[in-house]
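Student:
Protein chains: 2
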Amino acid sequence: MTTILDESVCRAWAYLSRVAEPPCPQLAALVQSVGPVEAADRVRRGLVNDELARHTEARREIDRAAADLELLAQRGGRLITPDSDEWPLLAFAAFDGAGARPRVGPPLVLWAQGPVRLDDVAQRAAAVVGTRAATPYGEQVAADLAAGLVERDVAVVSGGAYGIDGAAHRAALSCDGSTVAVLAGGIDIPYPAGHSALLHRISRHGLVFTEYPPGVRPARYRFLTRNRLVAAVAGAAVVVEAGLRSGAANTAAWARTLGRVVAAVPGPVTSSASAGCHALLRNGAELVTRADDIVELVGRVGEFAVEEPRPATALDGLGEAERQVYEALPGRGATTVDEIAVASGLAAEHVLGPLAILEVTGLAERDGGRWRIARARSARAAQTSRLV
Amino acid sequence: MTTILDESVCRAWAYLSRVAEPPCPQLAALVQSVGPVEAADRVRRGLVNDELARHTEARREIDRAAADLELLAQRGGRLITPDSDEWPLLAFAAFDGAGARPRVGPPLVLWAQGPVRLDDVAQRAAAVVGTRAATPYGEQVAADLAAGLVERDVAVVSGGAYGIDGAAHRAALSCDGSTVAVLAGGIDIPYPAGHSALLHRISRHGLVFTEYPPGVRPARYRFLTRNRLVAAVAGAAVVVEAGLRSGAANTAAWARTLGRVVAAVPGPVTSSASAGCHALLRNGAELVTRADDIVELVGRVGEFAVEEPRPATALDGLGEAERQVYEALPGRGATTVDEIAVASGLAAEHVLGPLAILEVTGLAERDGGRWRIARARSARAAQTSRLV
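Chains L and U, in that order, are what the protein sequence lines are.
For the first sequence, the residue numbers in the numbering used here are 5 to 392.
For the second sequence, the residue numbers in the numbering used here are 5 to 392.
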């Protein structure tokens, strides 16, 4: 049963959803401390600390909560709040381990539409993602994997985009399976426009959700932010096809940060649409060739096989680009600048600067033309002596 | 300069080359202890220990040495003996670490033909191998890789077969690069017959060699035995395409046993000709997509990055199938019966019995539906606690 919320509480959540660009850890902290109604009141009146004020002052006088909720009701949608039974508590708990960093953090509240429950999905789901510029091979594989997954009661989560995302959603729908589209804008803004009908079908038979209130248009940084939710609600992120710079690689990086399994489908080495997958595979992603492989990986979700903890304190003084690059270094072994670019979602030319900073701060080290996380000297010496 | 051998020494080597099916560690030990001439004399007269007698009695009265050497001379070929400058001493030293097991061990002597020197090759070579049933994709990739390798002065070693092997040899030749065919029969027995012209070209511009004396016909076990030499003289074994049961997977297993880098080229998951490659990649093979990747791997050869030592003593009481299966278990993590079959070269149905024996002797353990090398209980407990 979904909890029935008091109207004032709903309005408070709707107001809070728009007042700061998500995720906003300061706003989340306030809501957790005083509840949504009081939090909304304080924000509206400007009675918040300086940092939260900076994040909310531009929009604090905008209150479209009533209209937003009416639009949601007209579409037969619902708010999913942290108090709701449907809130995927365990899935979002993964953000706790990822630390309070920019763009990291659970959503405040979700705008949702569709008969499938998010808490059910998060129990057993795989993200099937990839490039919009998919090849016929990639679309075929995405469809085969999605069909196989829903046959085995694994929900297919994706981003609703052209190419791989669309092929996965469509195949899941045509098998009467659960599929979930996570949007990077308002629930009333179908994006891409050419997928309006597909998104409508997903909202009737599966689930569409977003952390953005109605009317918000997708933007590049919102796609990257949205990707963390695609990764969070799925046990494994499977990249079917991706170029060397691809949003799908960003979803994979989120999955790794959140302790999810990252998997990739190999393809012809002659196809640039598989180059990102091959880079991921080199970087430790699981190689999957069929739905059964993924089912096995999703089955491991409960184990929360988070990577070895990294020295979080040393990272405190770093900027966001350095953190992104650091996160993109493999837990074991060394990797190339190109592979770091893929994993971090940064262009290769923007990776070198942060690497240099990580090197001088002793967090990363060169290994020939490759880069690795810097280890204690003794461990490195032991490793070297084994190779000689 | 190749050492000029005394005729009686040559005849002794030629006689010894035929008298036991190679590799015969007992015969090698005798030769090392008393030299080839005395060893040949003792074998001929039956003055050897029981075990060596068993290996030599069937053929000890056959002496075709003079005729074999004349045939070799007519072809412009040569014997490469352990005393020769051309003997790839470092490459064959890898057999020392692999232990005195059936079918393991360096060759006694090699029959060779071609202007390329084996010691030069072994300094910087990659084995490019794969299925005879190659697809156009696989043949194209094999040719591209071989061309890229020889351009970077890396010799291309292969087995002269149809499919991937042939594509690699041909591309290397057409770039005027060094290519080496290792035969599973006599140097005068071109196999497959359809590759007579190709093998002739290799023997004129590259190198053809074999441990079998003239007239010996290839047989299934000789291909498997030959594969160890393909692996031994190359720094890395690259499998371009291979089905789930393939001789190429056997070459890869040899490469791993000998501490060589194992690499595989990914391909479409819809192609059964890439299924063996994907299994190898899951099992820890390096993913390569272009010649530069391989050059980098071959460059690491000098490091002799042999895997962690395994408890050799516990294996002493085991049969050959159990050893093969044990060797096929990954150094780290667990694997499936199908993947063990690929890595061991045994049919899946012949893997289960040996696995059961390895389990009861405490050498392997189940991990769900997978199998792993059994570790000390404390290490296992630590690992489990990390996952929970």
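We treat Cβ as the ideally placed atom computed from N, Cα and C, and that holds for glycine.
All values derive from a computational prediction rather than experimental measurement.
Say whether chain U places a C-beta atom closer than 8 Å to the C-beta of L/T339.
Tutor: So, not an interface residue.
Student: Span of the beta strand (DSSP E) holding U/W375?
Tutor: Per DSSP, U/W375 belongs to the beta strand (DSSP E) from 374-377.
Student: Among the residues of its own chain, which have a CB less than 6 Å from the CB of U/L233, if the five just before and after it don't count?
Tutor: Closer than 6 Å at the Cβ level, and outside the excluded window around U/L233, lie V186.
Student: If you run the structure through DSSP and keep just helix, strand and coil, what is U/S88?
Tutor: U/S88: coil per DSSP, three-state reduction.
Student: Pick from U/S275, U/P92, U/W91, U/P40: whose alpha carbon is nearest that of U/T139?
Tutor: If we check each option's Cα against that of U/T139, U/S275 comes out closest.
Student: Quick one: list the residues of chain U neighbouring L/H282, beta-carbon separation under 8 Å, in chain order.
Tutor: What L/H282 touches in chain U: P270, L291, T293.
Student: Less than 7 Å between C-beta atoms, sequence neighbours within five positions excluded: which residues of the same chain meet that for U/Q78?
Tutor: Hits under 7 Å: none found.
Student: For U/L248 and U/A295, which I take to be in contact (beta-carbon distance under 8 Å), what is that distance rounded to the nearest angstrom?
Tutor: Actually they are not in contact, since the Cβ atoms of U/L248 and U/A295 sit about 26 Å apart, beyond 8 Å.
Student: Could you name the residues of chain L that U/T139 contacts, counting a contact when the two beta carbons are closer than 8 Å?
Tutor: The contacting residues do not exist; U/T139 stays about 10 Å from chain L at best.
Student: Helix, strand or coil for U/A236 per DSSP?
Tutor: Here U/A236 sits in helix by DSSP.
Student: Ignoring anything shorter than 3 residues, give me the beta strand (DSSP E) runs that lie fully in the stretch 138-200 of chain U, in order along the chain.
Tutor: Runs found: 159-162, 183-186.
Student: So, does the CB of L/R286 fall closer than 8 Å to a CB anywhere in chain U?
Tutor: Answer yes: the Cβ-Cβ gap between L/R286 and chain U drops below 8 Å somewhere.
Student: Quick one: grab the DSSP three-state call for U/R82.
Tutor: Strand.
Student: Shorter than 8 Å from the beta carbon of U/V145 to some beta carbon of chain L?
Tutor: With 8 Å as the cut-off, U/V145 counts as an interface residue toward chain L.
Student: Taking Cβ-Cβ distances shorter than 7 Å, what residues in chain U pair up with L/T229?
Tutor: Under the 7 Å cutoff, chain U gives no residues; its nearest Cβ is about 30 Å from L/T229.
Student: With a threshold of 16 other CB atoms inside 10 Å of the CB of U/N231, please say whether the residue is buried or exposed.
Tutor: Answer is buried; the Cβ neighbour count reaches 16.
Student: Let me make sure I understand the geometry here. Which of U/V237, U/A71, U/L262 has the alpha-carbon closest to that of U/S162?
Tutor: When each option's Cα is compared against that of U/S162, the closest is U/V237.
Student: Which residues in chain U sit within 8 Å of L/V160, going by Cβ to Cβ distance?
Tutor: By Cβ distance, chain U contributes nothing, its closest Cβ being about 17 Å from L/V160, past 8 Å.
Student: Kindly indicate if chain L contains any beta-carbon less than 8 Å away from that of U/T274.
Tutor: U/T274 counts as touching chain L.
Student: Nearest-angstrom Cα distance between L/D342 and L/L285?
Tutor: Computed Cα separation, rounded: 13 Å.
Student: From which residue to which residue does the beta strand (DSSP E) around L/T274 run?
Tutor: Counting along the chain, L/T274 falls outside any beta strand (DSSP E), and DSSP gives it neither H nor E.
Student: How many angstroms separate the CA atom of U/G263 from the CA atom of L/V244?
Tutor: Approximately 33 Å between the Cα atoms of the pair.
Student: Are there 16 or more other CB atoms within 10 angstroms of the CB of L/G204, so buried, or fewer, so exposed?
Tutor: The residue you asked about is not Gly; residue 204 of chain L is His in the sequence shown. With fewer than 16 other Cβ atoms within 10 Å, it is exposed.
Student: Rounding to the nearest angstrom, what Cα-Cα distance links U/E74 and U/R68 in this structure?
Tutor: Each residue's alpha carbon lies about 10 Å from the other.
Student: Return the residue from the list U/E25, U/A378, U/A201, U/T214 that minimises the CA-CA distance to U/L76.
Tutor: It is U/T214 whose Cα lies nearest to the Cα of U/L76.
Student: Excluding sequence positions up to five away, which residues of its chain have a Cβ less than 6 Å from the Cβ of L/A325?
Tutor: Here the set comprises P358.
Student: Figure out for me which residue from U/A137, U/A201, U/G170, U/T255 has the closest Cα to the Cα of U/D148.
Tutor: The option with the nearest alpha carbon to U/D148 is U/G170.
Student: Give me, in chain order, the residues of the same chain whose beta-carbon lies closer than 8 Å to that of U/V59; leave out the 5 immediate sequence neighbours on both sides.
Tutor: First, the residue type needs correcting, since residue 59 of chain U is His and not Val in the sequence shown. Correct list, in chain order: A24, E25, C28, Q30, L31.
Student: Sort out for me which residues DSSP pairs U/T339 with in a bridge.
Tutor: DSSP lists U/W375 as partners of U/T339.
Student: What residues in its chain sit with their C-beta under 8 Å from that of L/L94, if we drop five residues either side in the sequence?
Tutor: Contacts found: A126.
Student: Looking only at its own chain, which residues have a Cβ that is under 6 Å from the Cβ of U/P110, when we skip the five neighbours before and after it?
Tutor: Excluding positions up to five away in sequence, the list reads F96, F99.
Student: Nearest to U/A172 by alpha carbon, out of U/A146, U/L333, U/V329?
Tutor: Ranking the options by Cα distance to U/A172, first place goes to U/A146.
Student: Hey, is L/P313's beta-carbon within less than 8 Å of any beta-carbon in chain U?
Tutor: Model confidence at L/P313 stands at a pLDDT of 36, short of 50, so the residue's coordinates are unreliable; what they give is reported in the following sentence. Output row for L/P313: interface = no.
Student: So what's L/R399 in DSSP terms, helix, strand or just coil?
Tutor: Since the first residue shown for chain L is 5 and the last is 392, residue 399 of chain L is missing from the structure and cannot be characterised.
Student: Return the chain-ordered list of same chain residues with a C-beta closer than 6 Å to the C-beta of L/L34, the five sequence neighbours on each side being excluded.
Tutor: So the qualifying residues of the chain are A43.
Student: Return yes when the Cβ of U/A116 is within less than 8 Å of the Cβ of U/L211, no when it is not.
Tutor: Going by C-beta atoms, U/L211 is nearer than 8 Å to U/A116.
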